[in-house]
Structures are given as structure tokens and as C-alpha cells.
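Going by full-length UniProt numbering, the sequence shown runs without a break in its numbering and finishes at 217.
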Amino acid sequence: MSTDGFEASDEKTLNVTLNGLYIEDEEAKAGNSNQAKIIRSCNYRDLEKKREDYLEWPEYFMAVAFLSAMRSKDPCTQVGACIIDTNNRIVGVGYNGMPIGCSDEILPWGKTSSKPLETKYMYVCHAEMNAIMNKNSADLKGCTLYVALFPCNECAKLIIQAGIKLVVYMSDKHKNKPSTEASKLMFNMAGVKYQQFVPKKSKIVIDFEEIDWNMSV
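Quick look at the structure:
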């Protein structure tokens with residue numbers, strides 16, 4: 001059987017998926033080879049229509065927020081934020097970390113201590129703050145913020161003052177804390193809408209090697 005110049009022999013299995021045709025090495029399938037790769041080639045029947053499994057805008061922006069969180073040095077909680085304008089352009093990205101010029105090797109990352117100055121809470125800038133401060137737009141009026149956790153009361157103040165009109169969050173696990181309740185009270189009074197993000201996929205995988213073994217042009 002031939003497909004776009006590739007032949008499926010006894011050693012290989014041809015699989016049809018939404019993305020086209022895959023030729024999979026049997027050893028790789030059995031987990032016996034670290035070198036074998038799946039070779040992908042576009043199905044000729046699908047060349048004139050778009051793929052159906054692409055990321056939609058909400059998934060894309062929340063994924064950017066989660067990806068930026070991986071830059072955080074916080075050993076306990078990593079949070080990222082992504083701000084977009086009304087044209088779906090990213091205008092700000094940030095993650096939780098120490099202020100510029102303040103060493104994250106010296107300042108504490110602990111959550112509890114008998115001395116308040118020995119906890120991270122006195123120093124860490126939240127993802128929302130950094131995303132707002134990192135903006136590449138003249139202003140953020142009417143923008144949308146994507147963030148992993150519902151903003152605390154201090155970040156809510158900044159969000160309101162920046163003119164952001166919609167907050168899309170992934171988790172509201174601190175909903176019973178006074179800081180979150182204060183955030184929602186201020187958002188409601190200021191007319192800032194907020195909604196929980198419901199992902200269509202449980203995970204998004206980034207494979208840096210895919211570009212090399214994807215045989216499509």
C-alpha cells in the first residue's frame with residue numbers, strides 16, 4: 001500500500017487519523033525503540049480543507065498563560081496571565097515572580113514563618129500585575145485577561161484601574177477567602193465581567209521534535 005511516497009510494509013502499520021496518515025514503527029508502538037518516530041504525511045483528500053483540531057482562541061490564550069507560568073521560580077505555585085485586546089492580539093504576558101532587581105536567590109519563597117518578612121507574600125509580584133506592567137499597548141481599556149487563578153483583591157484593583165473588562169480564569173479554588181470575595185465585589189461594582197474557562201481538551205502537548213518528523217510541507 002502506498003501513500004504519498006511511503007509504503008506500509010510488514011514492519012510498519014498505517015494509521016488514519018484526523019491529521020492525515022501516520023506510518024508507525026511497530027517497535028516504537030511496542031515501546032522497544034527510542035529512535036523510531038511516527039512519520040506523518042497529509043492525506044491527499046484533506047489538502048484543500050482546513051484542519052479541524054486546531055486550537056480555538058480561548059484555548060490558545062489560556063495555553064499562553066499556562067506556558068508563561070512555567071517561567072515562575074515559585075516552588076509551590078506557578079501562575080501565568082495573558083492579556084488580549086479586542087482584535088485577539090496579545091498585548092501583555094506575565095507570571096508570578098520577584099520584582100525586577102530583587103534577587104530570587106536571596107528573597108524567601110516560603111509560605112509560612114513566625115516572621116512575616118521571611119515569607120514570599122511580602123515580595124512576590126503576581127502574574128496579573130506583571131502582565132499589566134509588561135503591556136506593549138498604549139492602554140488596556142476593553143481588554144480581556146486570561147489567568148490560571150481567580151485574581152486576588154490587590155490584582156483586582158490593578159485590573160480595574162487598567163480598564164480591563166473581562167477576566168477569564170481557570171480555577172477559583174480560593175473562592176471562600178476574603179481576598180477573592182473582595183475581588184468579586186469590586187469587579188461587580190466596577191462592571192468587570194468574569195467567567196470560568198472550560199477547556200475542550202484536558203491537556204495540550206508541545207513536542208519540539210514534531211517539526212522534523214512531520215513529512216508535510
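Don't be surprised by glycine CBs; every beta carbon is placed ideally from N, CA and C.
Predicted model only: the values in this text are computed from it and were never measured.
Rounded straight-line distance, which links the Cα of aspartate 172 to that of tyrosine 146 = So the alpha carbons of these two residues sit roughly 13 Å apart.
inquiry  = For a test of the three-state rule: what should DSSP assign to serine 114, helix, strand or coil?
reply    = The answer is coil: DSSP assigns serine 114 none of H, G, I, E or B.
inquiry  = Let's test the definition: count the other Cβ atoms within 10 Å of the Cβ of isoleucine 83 and tell me whether it reaches 16, buried, or not, exposed.
reply    = By the 16-neighbour rule on beta-carbons within 10 angstroms, isoleucine 83 is buried.
Sub-9 Å separation of alanine 63 and alanine 131 beta-carbons = Contact annotation: alanine 63 and alanine 131 have beta-carbon atoms that are not nearer than 9 Å.
request  = Under 6 Å Cβ to Cβ from leucine 166, same chain only, skipping five residues before and after it: list those, please.
outcome  = Contacts found: Thr144, Lys193.
ask   = Since serine 171 sits in a beta bridge, which residues does DSSP pair it with?
value = Per DSSP, the beta-bridge partners of serine 171 are Leu149.
message = Along the chain, where does the beta strand (DSSP E) containing tyrosine 95 start, and where does it finish?
response = 90-95 is the extent of the beta strand (DSSP E) around tyrosine 95.
ask   = lysine 175 to isoleucine 164, Cα distance in whole Å?
value = Distance from the CA atom of lysine 175 to the CA atom of isoleucine 164, rounded to whole angstroms, is 21 Å.
request  = May I ask which residues mark the beginning and end of the alpha helix (DSSP H) holding tyrosine 60?
outcome  = First-last of the alpha helix (DSSP H) with tyrosine 60: 57-69.
request  = Please say whether phenylalanine 66 and alanine 148 have beta carbons closer to each other than 9 Å?
outcome  = For the pair alanine 148 and phenylalanine 66, the CB atoms are nearer than the 9 Å cut-off.
query = So is valine 205 buried or exposed if we call it buried at 16+ other beta carbons inside 10 Å?
reply = It counts as exposed.
request  = Classify alanine 127 as helix, strand or coil using the three-state DSSP reduction.
outcome  = Alanine 127 sits in a helix when the DSSP states are folded into three classes.
query = So which of Glu52, Pro75, Ser113 has the shortest CA-CA distance to glutamate 105?
reply = Among Glu52, Pro75, Ser113, the Cα nearest to that of glutamate 105 belongs to Pro75.
task = Assess, as a yes-or-no matter, whether the stretch 117-133 is touched by the stretch 93-102 under the definition of 3 or more beta carbon pairs within less than 8 Å.
result = By the Cβ criterion, the stretch 93-102 is in contact with the stretch 117-133, since at least three pairs of Cβ atoms, one from each stretch, lie closer than 8 Å.
key: Integer Cβ distance of phenylalanine 150 from tyrosine 169, believed to fall under 8 Å   = Right, the Cβ-Cβ distance comes to about 5 Å (below 8 Å), so this counts as a contact.
ask   = In angstroms, rounded to a whole number, what distance separates the CA positions of alanine 182 and glycine 191?
value = Rounded to whole angstroms, alanine 182 to glycine 191 spans 14 Å at the Cα level.
message = With a threshold of 7 Å on Cβ separation, who are the neighbours of cysteine 155 within its own chain once the five nearest residues in sequence on each side are excluded?
response = Within the same chain, Cβ atoms closer than 7 Å to the Cβ of cysteine 155 are found at His126, Glu128, Met129, the five residues on either side in sequence being excluded.
task = Give the DSSP bridge partners of cysteine 82, in chain order.
result = Beta-bridge pairing links cysteine 82 to Val93, Tyr146.
DSSP-derived helix/strand/coil call for leucine 166 = Three-state DSSP puts leucine 166 in a strand.
ask   = Could you give the distance in angstroms between the alpha-carbon of glutamine 195 and the alpha-carbon of proline 58?
value = Taking the straight line joining both Cα atoms gives about 12 Å.
Where tyrosine 54 falls: helix, strand or coil (DSSP) = When DSSP states are grouped into helix, strand and coil, tyrosine 54 belongs to the coil group.
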